[in-house]
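At position 7 of the sequence shown (counting the first as 1) the number is 7 in full-length UniProt numbering, and the numbers step up by one without a gap.
Here is the structure we will look at, set down as structure tokens.
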Amino acid sequence: MSYDPSPSYPPPPYRPPSHPSPRPYPLHDAPPAFPHYGAHPWQPAEPAPGPAGRRAPRRAALGHHSDLRILRSAYRWQRRTATLTALGYFTLFLILSAYAPEFMTGGGADGLPNGLVLALLQLPVTWLAIALYEHTARRHVDPLADRIRKEAALDARREAGR
Numbered sequence: 001m002s003y004d005p006s007p008s009y010p011p012p013p014y015r016p017p018s019h020p021s022p023r024p025y026p027l028h029d030a031p032p033a034f035p036h037y038g039a040h041p042w043q044p045a046e047p048a049p050g051p052a053g054r055r056a057p058r059r060a061a062l063g064h065h066s067d068l069r070i071l072r073s074a075y076r077w078q079r080r081t082a083t084l085t086a087l088g089y090f091t092l093f094l095i096l097s098a099y100a101p102e103f104m105t106g107g108g109a110d111g112l113p114n115g116l117v118l119a120l121l122q123l124p125v126t127w128l129a130i131a132l133y134e135h136t137a138r139r140h141v142d143p144l145a146d147r148i149r150k151e152a153a154l155d156a157r158r159e160a161g162r
């Protein structure tokens with residue numbers, strides 16, 4: 001029996017890639033051999049492109065990944081700042097309680113032990129963490145969210161007008 005290198009069936013039709021590529025055709029895909037037909041002359045002709053219906057939008061629609069990525073990172077930074085402020089102080093208090101008992105029992109202001117003073121400072125530190133959270137929300141996160149919200153409303157009005 002001999003080996004026949006030419007197949008007895010036609011190869012599959014050319015399908016353009018479904019993902020955007022910086023090159024017109026990725027390296028593993030080849031352009032159609034015949035522009036008026038499919039990949040081969042025995043395949044049916046592709047329909048001619050129709051008239052241009054709508055213009056493509058100048059920018060990406062709602063949910064543009066870079067906008068949402070920036071918003072997520074700003075929100076993540078906000079959460080980390082507030083959380084590390086409150087938990088960091090509490091962790092410091094626990095470490096001092098465990099490894100420096102003589103410091104914690106030592107006298108502080110007005111005859112109060114240092115441990116009690118540090119424990120009473122936990123409430124203002126928690127308020128500071130809340131204030132930092134609100135400050136970063138007003139300064140960083142809320143303007144980004146408002147901008148994305150306005151762009152979403154604008155995109156919705158454009159889509160409704162079509």
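Glycine included, each C-beta is placed from N, C-alpha and C at the ideal position.
Would you kindly work out how many angstroms separate the C-alpha atoms of residue 154 and residue 161, rounded to a whole number? 11 angstroms
Does the contact criterion of 3 or more C-beta pairs under 8 angstroms hold for the segment 87-102 versus the segment 114-131? Yes: at least three Cβ pairs fall under 8 angstroms.
Just to confirm my understanding: we take residue 105, look at its own chain, exclude 5 residues before and 5 after, and list those with CB closer than 7 angstroms. What are they? 113, 115
According to the neighbour-count rule (16 or more other Cβ atoms, all chains shown, within 10 Å of its Cβ), is residue 82 buried or exposed? buried
Note down the Cα distance separating residue 66 from residue 133, rounded to an integer number of angstroms. Going by the C-alpha atoms only, they are around 23 angstroms apart.
Cβ neighbours of residue 129 in the same chain (closer than 6 angstroms, five flanking residues each side left out): 82, 85, 86
Does the beta-carbon distance from residue 131 to residue 78 come in below 9 angstroms? no
Taking DSSP as the reference, what is the three-state secondary structure of residue 115? helix
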